[in-house]
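K.L.:
Going left to right, the sequence shown walks through residues 1 to 792 as the UniProt record's numbering numbers them.
All C-beta atoms, glycine included, are put in the ideal place defined by N, C-alpha and C.
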Amino acid sequence: MNSLRNINHKIILRTIWRNKLHSSINIIGLAIGIAVFILIARYVNHQFSFDRFHKQQNNIYKVYLGDNGSLPPAVALFLKDNIAGIEDVVRVDEWFGGGNKGYLEYENETIRTENFIFADSSFFDFFDFKMLFGDAQNGLKFPNSIILSERLSRKMFGNENPTGKQITYLSDYPSAKYTFTVSGVIEDSPTNSSIPYNGIISMSTIIYHHIRNGNISEDWVNWGFGSFVKISSPETVHQLNNETPECWTNLMAERWQVDKGSQRAEEYKLNFVPLKEVHFHGSNKRFSVYLILLIGLVILIIAIINYINLSLAISSTRLKEIGIRKIIGSDKSTLFKQFITESILITSIAGIIAVIIVLFIHPYLFNFTGFKSVVAPGETFKALVFLIGGLILIGFISGLYPAWFLTKLKPVKSIKNEFNKGTKGNRLKQVLITTQFVVSIFLIIAVLTFSKQANYIKSKNLGFDKEHLIYLSGGASISKQYQSFRESLLTNPSIQNVARSNGTFVGHLNIGSKHKVNGEFKNYKATTVDPDFIETFGIELLAGRNFSKTIKNDLNNTALVNECFVKQMELEDPIGSTVTFLGDDITIIGIIKDFHINSLHHEIKPSMLCYLPWNTCINIKVSGMDLENTIATIESTWKKFSPDVPFEYHFLDERFEELYKTETEFSSLIKIFTLIAIFIACLGLFGLISFSALQRKKEIGIRKINGAKISEVVIILNNNIIKWVVIAFIIATPIAYYAMNKWLENFAYKTTLSWWIFALAGVLALGIALLTVSWQSWRAATRNPVEALRYE
């Protein structure tokens, strides 16, 4: 028995070596398919691991009002006091720290920071972030306490324990300087956490410094706090999500004038989302993850199909060997085991190469697409077990049909080199190769659709000019000297205009308000700007006038509204009309053209620009010529007026690109996976035409002796390929049409699915297929016919 095993292994290795070309193609195809699947499996595992490292993940819920998870700070306390079953609450200020950047000062060194959050002292009763220095229970108990991330602590203090040291924090908005005491150091925010942070400041600091009037327990106006609750009973959560508590219905009517059953009631409906689902909530991210997983599975299946086809091609050279071994006593089970072992060995070799590919290519793939696949700490052994088990399974599946096909051949036919004349095997091969091209055509259509939508987004008129706009976060020093700062900048001819706004003019307007229309309140978004704003941004004034610096009454009392505002608020004569802004009356003096500052996923909303002095963002319109010197001028002017704050600038168009980051990364991945799928499919097609040429070499020899030209033989060999691609096109087109329409539904403004996308995909697939097989067909057609008929 041991001897037989040794012989089997020798035969396996000898077979692989004798068919070096086909074995190499087999291994390469499988290695690429397995590598892609490993990368995707790691990515999917990472996506579904978000927030699952918290021990109480099953009892923690984030509170949403409608689809909005950034709430007034008083909401969490109200829920705890009025709804039975809510055991505890914690608030995380996602707006003050998370939405704005600031600076840290220590020993004359200034560091630019972001993702600073404020949190209640119960933060560590909810979340299991590891403290490296300090006491988690008391770290956020007192005002002016700050816990630094490990990365930031090392950057500022090296390896020493900074607990007890004082640092200064300069915030962007409100423009102020605070002195904090370091109460601890925490591990860096995990990549699979939905609460990113570089530092955590005690919530009582807001009260101590009277930030936003300080009384956050009664603050129902400032929407920017993530509110988490602890509920042990799933039944309680189910009831709260399905039946609005009476106390909340009364609160909606009292605080926001929202009547139960009205359209606005859905915007304020309580929704308790499990912590482990927060990462996917309110987006199509889950759909994208599942789609990427499906693509990974499909590419792996294509690689397996490729292996099967190539194995059958190789098997045509082994028929005599198989026939002789059957005659001398080898039974089917022994041969079957040998072929399965051979398949598992080849798959294992491919798996080793795949791991090397993953280790090498992952950093480049992340830089190119932003695609992140992470193995969590402690998961390495589990991943290794899954990898080994997966390779054995793939090897078994890949070798199953070739092993069955070869062992069922009769010895006499094997010795005569005759394949089974039945149609089942041929039909299976045709189905396999057609399936490969169904996938390839689908992916080509997807790539073309994504590209067309991307071009549509780039060319869409946004209602303002985002090009050559630089924005800065102005601190307290600049705010006090703004006019002088602006005039100094405008002395440079490359700087065309300068304006201020309440925030960056991208994503959304940062003030929410409402106005009563026919007895019902309607919501709108607003921001504050100065009189230079609409000219700087190129926003078209359709009616009325702009804000004026010389008309004193304009400040604090006037507004510009967009076309959508006029329509939604049913204003027949809008110029001079009075509307409600944050509870006060404000007069409309002008109508501006609708503008898109959010992504094209969203429809244009009623919007208002108010002339108020709440502006900290400085927007600079430049010519685009001699950009390097222009930025240098801005920097030197900045240092002149604000020497203590580091200069930092951003381009507005780059921020707009971030709105489509998910689509850009997803599109890049689809392009890469499409190329991989087509490459592997072409390997399979190469194997199939090799197989077909070997089967038909006598037929080709006879045709050539009877006068057939090389071109005629090539056409005969390629006829089936054309048929398979056409069938694949017919199957792929309706599937792709449905899928791409569903994807485009995510955009409020979108391109059309033109007929040429499908036609071009079909032509490309056919062209790629013919290029792949033509060399092999030509080689078979030019072979000397005597070689094929020598022994006939």
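1) Leaving out five residues on either side along the sequence, give the residues of the same chain with a beta carbon under 6 Å from the beta carbon of LEU443.
2) For the beta strand (DSSP E) that contains VAL273, what are its first and last residues?
3) Should GLY422 go down as buried or exposed, given a rule of 16 or more other Cβ atoms within 10 Å for buried?
4) To the nearest angstrom, how far is it from the Cα of GLN47 to the Cα of GLU266?
5) Might you give, ordered along the chain, the residues of its own chain that have their beta carbon closer than 7 Å to the beta carbon of GLY98, omitting 5 neighbours on each side?
6) Report the rounded CA-to-CA distance for TRP775 versus ASN629, giving the unit in angstroms.
7) Note the first and the last residue of the continuous alpha helix (DSSP H) segment covering LEU251.
8) Look up LYS421 in the DSSP assignment and say whether it is helix, strand or coil.
9) Could you tell me which residues DSSP pairs with VAL92 in its beta bridges?
10) Compute the Euclidean distance between the alpha carbons of LEU30 and LEU300, then round it to the nearest angstrom.
11) Report yes or no: do the segment 656-673 and the segment 444-458 share at least 3 C-beta pairs separated by less than 8 Å?
12) Taking contact to mean 3 or more Cβ pairs, one atom from each stretch, closer than 8 Å, check whether the segment 589-597 and the segment 531-549 are in contact.
13) At the level of alpha carbons, what is the spacing between ASN455 and ASN720?
14) Which residue or residues does DSSP assign as beta-bridge partners of HIS515?
15) Could you name the residues of the same chain whose beta carbon sits closer than 6 Å to that of PRO493, not counting the 5 residues immediately before and after it, in chain order?
16) So, do the segment 501-516 and the segment 597-605 have three or more beta carbon pairs nearer to each other than 8 Å?
17) Could you tell me which residues DSSP puts in a beta bridge with residue 814?
18) Which two residues bound the contiguous alpha helix (DSSP H) that contains PHE485?
19) Using three-state DSSP, classify ASN59 as helix, strand or coil.
20) Suppose you measure from the CA of GLY767 to the CA of TRP756; what does that come to, to the nearest Å?
21) Rounding to the nearest angstrom, what Cα-Cα distance links SER473 and SER283 in this structure?
22) Per the DSSP calculation, GLN166 is bridged to which residue(s)?
23) Would ASN271 pass as a contact of TYR64 if the rule is Cβ separation under 8 Å?
24) According to DSSP, is ASN562 part of a helix, a strand, or is it coil?
25) Looking only at DSSP bridge pairs, what is THR587 linked to?
26) Indicate whether the contact test is met: 3 or more Cβ pairs, each with one atom in the segment 150-162 and one in the segment 242-258, closer than 8 Å.
27) Look at the alpha carbon of SER501 and the alpha carbon of ILE60, and state the distance between them as a whole number of angstroms.
28) Out of LYS62, SER777, ILE534, which has the shortest C-alpha to C-alpha gap to HIS281?
29) Where does THR752 sit, in a helix, a strand or coil, going by DSSP?
30) Among THR587, SER479, PHE581, which one has its Cα closest to the Cα of ASP573?
31) Quick one, are the C-beta atoms of ASN557 and ASP532 less than 8 Å apart?
32) In the DSSP assignment, the beta strand (DSSP E) including TYR471 goes from what residue to what residue?
33) Take GLY85 and list the residues in its own chain whose beta-carbon comes closer than 7 Å to its own, dropping the five residues that flank it on each side.
34) How about ALA559 and CYS610: are their beta carbons less than 8 Å apart?
35) Relative to the alpha-carbon of GLN137, which residue among GLN483, GLY184, GLY390 has its alpha-carbon at the smallest distance?
36) DSSP on TYR660, reduced to helix/strand/coil?
P.N.:
Once the coordinates are examined:
1) Walking along the sequence shown from the start, residue 443 turns up at place 443. Cβ within range, chain order: THR674, ALA677.
2) Position 273 of the sequence shown, counted from the start, is the residue given in the question as residue 273. Per DSSP, VAL273 belongs to the beta strand (DSSP E) from 270-274.
3) The residue labelled residue 422 in the question sits at position 422 within the sequence shown. Reliability of the predicted coordinates at GLY422 is poor, the pLDDT of 48 falling under 50, and no value is obtained from them.
4) Position 47 of the sequence shown, counting from 1, holds the residue named residue 47. Position 266 of the sequence shown, counting from 1, holds the residue named residue 266. Distance between the alpha carbons of GLN47 and GLU266 is about 29 Å.
5) What you label residue 98 is simply residue 98 of the sequence shown in a count that begins at 1. Confidence at GLY98 is low in this model, with a pLDDT of 44, below 50, so its placement is unreliable and no value can be given for it.
6) Your numbering for residue 775 matches position 775 in the sequence shown. Your numbering for residue 629 matches position 629 in the sequence shown. Cα to Cα, the separation comes out at about 56 Å.
7) Against the sequence shown, residue 251 aligns to sequence position 251. Element bounds for LEU251: 246-256.
8) Taking the sequence shown and counting its residues from 1, one reaches residue 421 at position 421. Residue placement at LYS421 cannot be trusted, given a pLDDT of 49 that sits under 50; the coordinates are not used to answer.
9) Residue numbering aside, residue 92 sits at position 92 when the sequence shown is read from its first letter. Bridge partners of VAL92: ALA119, GLY226.
10) Within the sequence shown, the letter at position 30 stands for residue 30. Within the sequence shown, the letter at position 300 stands for residue 300. One C-alpha to the other measures close to 8 Å.
11) yes
12) yes
13) To locate residue 455, count along the sequence shown from 1; it is residue 455. To locate residue 720, count along the sequence shown from 1; it is residue 720. Between ASN455 and ASN720, the C-alpha separation is close to 37 Å.
14) Within the sequence shown, the letter at position 515 stands for residue 515. Answer is LYS522, bridged to HIS515.
15) The residue you call residue 493 lines up with position 493 of the sequence shown. So no residue of the chain qualifies.
16) yes
17) Because residue 814 is not part of the residues shown, which for the chain are 1 to 792, the question remains open.
18) Stepping through the sequence shown from its first residue, residue 485 is reached at position 485. First-last of the alpha helix (DSSP H) with PHE485: 482-489.
19) Taking the sequence shown and counting its residues from 1, the one referred to as residue 59 is at position 59. Reduced to three states, the DSSP call for ASN59 is helix.
20) Along the sequence shown, read from residue 1 onward, the residue named residue 767 stands at position 767. Along the sequence shown, read from residue 1 onward, the residue named residue 756 stands at position 756. Taking the straight line joining both Cα atoms gives about 16 Å.
21) Here residue 473 refers to the residue found at position 473 when the sequence shown is read from its first residue. Here residue 283 refers to the residue found at position 283 when the sequence shown is read from its first residue. Distance between the alpha carbons of SER473 and SER283: 29 Å.
22) Here residue 166 refers to the residue found at position 166 of the sequence shown. In DSSP, GLN166 forms a bridge with THR181.
23) As a first step, residue 271 is located in the sequence shown; it is residue number 271 there, counting from the start. As a first step, residue 64 is located in the sequence shown; it is residue number 64 there, counting from the start. A contact, by the Cβ cut-off of 8 Å.
24) Against the sequence shown, residue 562 aligns to sequence position 562. It is a strand residue.
25) Numbered from its first residue, the sequence shown carries residue 587 at position 587. Paired residue(s): THR558, THR578.
26) no
27) The residue you call residue 501 lines up with position 501 of the sequence shown. The residue you call residue 60 lines up with position 60 of the sequence shown. When rounded, the distance between both Cα atoms is 38 Å.
28) Within the sequence shown, numbered from 1, the residue matching residue 281 stands at position 281. Checking every option, the nearest Cα to that of HIS281 belongs to LYS62.
29) Here residue 752 refers to the residue found at position 752 of the sequence shown. Three-state result, THR752: coil.
30) On the sequence shown, position 573 is the one that residue 573 refers to. Closest by alpha carbon: THR587.
31) Here residue 557 corresponds to residue number 557 of the sequence shown, with the count starting at 1. Here residue 532 corresponds to residue number 532 of the sequence shown, with the count starting at 1. In this structure, ASP532 does not lie closer than 8 Å to ASN557 by Cβ.
32) Locating residue 471 in the sequence shown gives position 471, where the first residue counts as 1. Looking at the DSSP string, the run of the beta strand (DSSP E) that includes TYR471 is 469-473.
33) On the sequence shown, residue 85 is found 85 positions in, with the first residue counted as 1. Result list for GLY85: ILE231, SER233, THR236, in chain order.
34) Taking the first residue of the sequence shown as 1, we reach residue 559 at position 559. Taking the first residue of the sequence shown as 1, we reach residue 610 at position 610. Yes; because the gap between Cβ atoms is below 8 Å, this pair is in contact.
35) Sequence index remark: in the sequence shown, residue 137 carries index 137 (1-based). The option with the nearest alpha carbon to GLN137 is GLY184.
36) If you number the sequence shown from 1, residue 660 lands on position 660. Three-state result, TYR660: coil.
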